[in-house]
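*Asks:* This is the structure I have questions about; it appears just below.
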């Protein structure tokens, strides 16, 4: 069993075109559990906190691929197909209007780029012709709507929870999805905690056992302020809402004993 302390996970599906358009970037990636499987959303939170440009036109454009895993996340070939389309769309839009890439959505073998545009003249015909010619055998998506208040961005892309626990947890969830996990099955979840002294750790462990946690290991480092470590585990769901709430609980639970919560890890479960 390997130990992971808040691994840095950022989806490769993000095209380079989204990061070179300007310096106003605050990209985050998180997972939403939908009926058919996990939906992975990457969005630029900059516009949620700062002023939005006067771009009133919403564009959602993308395609589908057969090169994907059973949970609906694209494999390496599928990602390459999405890269190519994303880069091509960005180039074509640059010739037509000013734009802001605000999100990328992957769900059930489909990849969508979400833009807000300054103008729409020629956009729909140009992109539809490109999709029809280059992706005739795929299921394609092209939506162009007036959205002055950026309703789609606020309601569909920006997460309702923007806490540290939310994003730390989703770094691990994103990795599970990338590996092919559909996040449906409960499983053993390991939690790492550190304390200032043995007594506080022992009191924490006693309370954790009352909550049906098993104690997998206890160790003591030679140096360090929080050098009394423990690993506890319990079978729980990894559905996003549930595991985020559990992470918040663990932070408070550990803090009540002057400890530090160092994160969780669960092995991926991949359907055959």
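Residue numbers (the working numbering): 3 to 274.
Idealized CB from N, CA, C, for every residue including glycine.
1. Whose C-beta lies closer than 6 Å to the C-beta of residue 72 among residues of the same chain, with five residues either side of it excluded?
2. Looking only at its own chain, which residues have a Cβ that is under 7 Å from the Cβ of residue 70, when we skip the five neighbours before and after it?
3. Helix, strand or coil: how does DSSP classify residue 242 here?
4. According to DSSP, what are the bridge partners of residue 115?
5. Which residues does DSSP list as the beta-bridge partners of residue 235?
6. Assign residue 230 to one of three DSSP states: helix, strand, or coil.
7. In whole angstroms, give me the CA-to-CA distance for residue 150 and residue 119.
8. Quick check on residue 265: does DSSP put it in helix, strand or coil?
9. Using CA atoms only, rank isn't needed, just tell me which of 97, 49, 82 and 228 is closest to residue 27.
10. Could you work out which residue in 169, 161 and 139 is closest to residue 66 when comparing CA atoms only?
11. Check each candidate in 92, 53, 197 and 226 and name the one with the smallest Cα separation from residue 125.
12. If you measure between the beta carbons of residue 242 and residue 30, is that distance less than 9 Å?
13. Could you check which residue in 100, 63, 184 and 102 has the C-alpha nearest to that of residue 85?
*Replies:* Well, looking at it:
1. Translated into positions along the chain shown, residue 72 becomes position 70. Here the set comprises 273.
2. Numbered from its first residue, the chain shown carries residue 70 at position 68. Cβ within range, chain order: 76, 77, 80 and 111.
3. As a position in the chain shown, residue 242 is number 240, starting the count at 1. Residue state, collapsed to three classes: helix.
4. Counting from one through the chain shown, the residue named residue 115 turns up at place 113. DSSP output for residue 115 lists 63 and 106 as bridge partner(s).
5. Here residue 235 is taken as the residue at index 233 of the chain shown, counted from 1. In the DSSP output, where bridge partners are listed per residue, residue 235 has 192 and 216.
6. Numbered from its first residue, the chain shown carries residue 230 at position 228. Correct three-state label for residue 230: strand.
7. Stepping through the chain shown from its first residue, residue 150 is reached at position 148. Stepping through the chain shown from its first residue, residue 119 is reached at position 117. Roughly 10 Å separates the two Cα atoms.
8. Here residue 265 refers to the residue found at position 263 when the chain shown is read from its first residue. Residue 265: strand per DSSP, three-state reduction.
9. Here residue 27 refers to the residue found at position 25 when the chain shown is read from its first residue. When each option's Cα is compared against that of residue 27, the closest is 49.
10. Residue mapping note: residue 66 aligns to position 64 of the chain shown, counting from 1. Looking at the Cα atoms, 139 is the closest of the given residues.
11. Translated into positions along the chain shown, residue 125 becomes position 123. Looking at the Cα atoms, 92 is the closest of the given residues.
12. Along the chain shown, one-based indexing puts residue 242 at 240. Along the chain shown, one-based indexing puts residue 30 at 28. No.
13. Along the chain shown, one-based indexing puts residue 85 at 83. Here the closest residue by C-alpha is 63.
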